[in-house]
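K.L.:
Numbering (my numbering), first residue to last: 1458 to 1577.
This is the structure in structure tokens:
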């Protein structure tokens, strides 16, 4: 259940100085978004995020975007990746349980970090 890729053009198509395309990948909780750009040419694609294996959604979205643009991976000079998966796990408290071990005399280190310790 993926959205078809779109192409956006504004003005003349061009390649940035130095050549090559740039790819942006954003892995969200529901969708993985891909944007390809070179100069004023932009192609976008969207695929479902696969939380158990995020790479599957990323590769699917990249495939859609590359097909829409008629490009292969060798055309890219940079890839930028972003995700909210870790942030969502913290907010939803889905992460592993952790503990803090400190050396003697640093018992209040978390209170200091949270700025909740009053001078005594």
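Note that CB positions come from ideal geometry on N, CA and C, so glycine has one too. On a predicted model such as this, the values are computed, not experimentally measured, just so you know.
Helix, strand or coil for residue 1569 per DSSP?
P.N.:
helix
K.L.:
Take the Cβ of residue 1503 as the centre, count every other Cβ of all protein chains shown within 10 Å, and call the residue buried at 16 or more, exposed below.
P.N.:
buried
K.L.:
What separation, rounded to the nearest whole angstrom, lies between the Cα atoms of residue 1518 and residue 1570?
P.N.:
40 Å
K.L.:
Name, in chain order, the residues that DSSP records as bridge partners for residue 1436.
P.N.:
Outside the shown range of the chain, which is 1458 to 1577, sits residue 1436, and nothing can be said about it.
K.L.:
Taking Cβ positions, are residue 1479 and residue 1494 nearer each other than 8 Å?
P.N.:
yes
K.L.:
On the CB-based measure, 16 or more other CB atoms within 10 Å of its CB, does residue 1568 come out buried or exposed?
P.N.:
exposed
K.L.:
If I follow the unbroken alpha helix (DSSP H) through residue 1544, where does it start and stop?
P.N.:
Per DSSP, residue 1544 belongs to the alpha helix (DSSP H) from 1542-1548.
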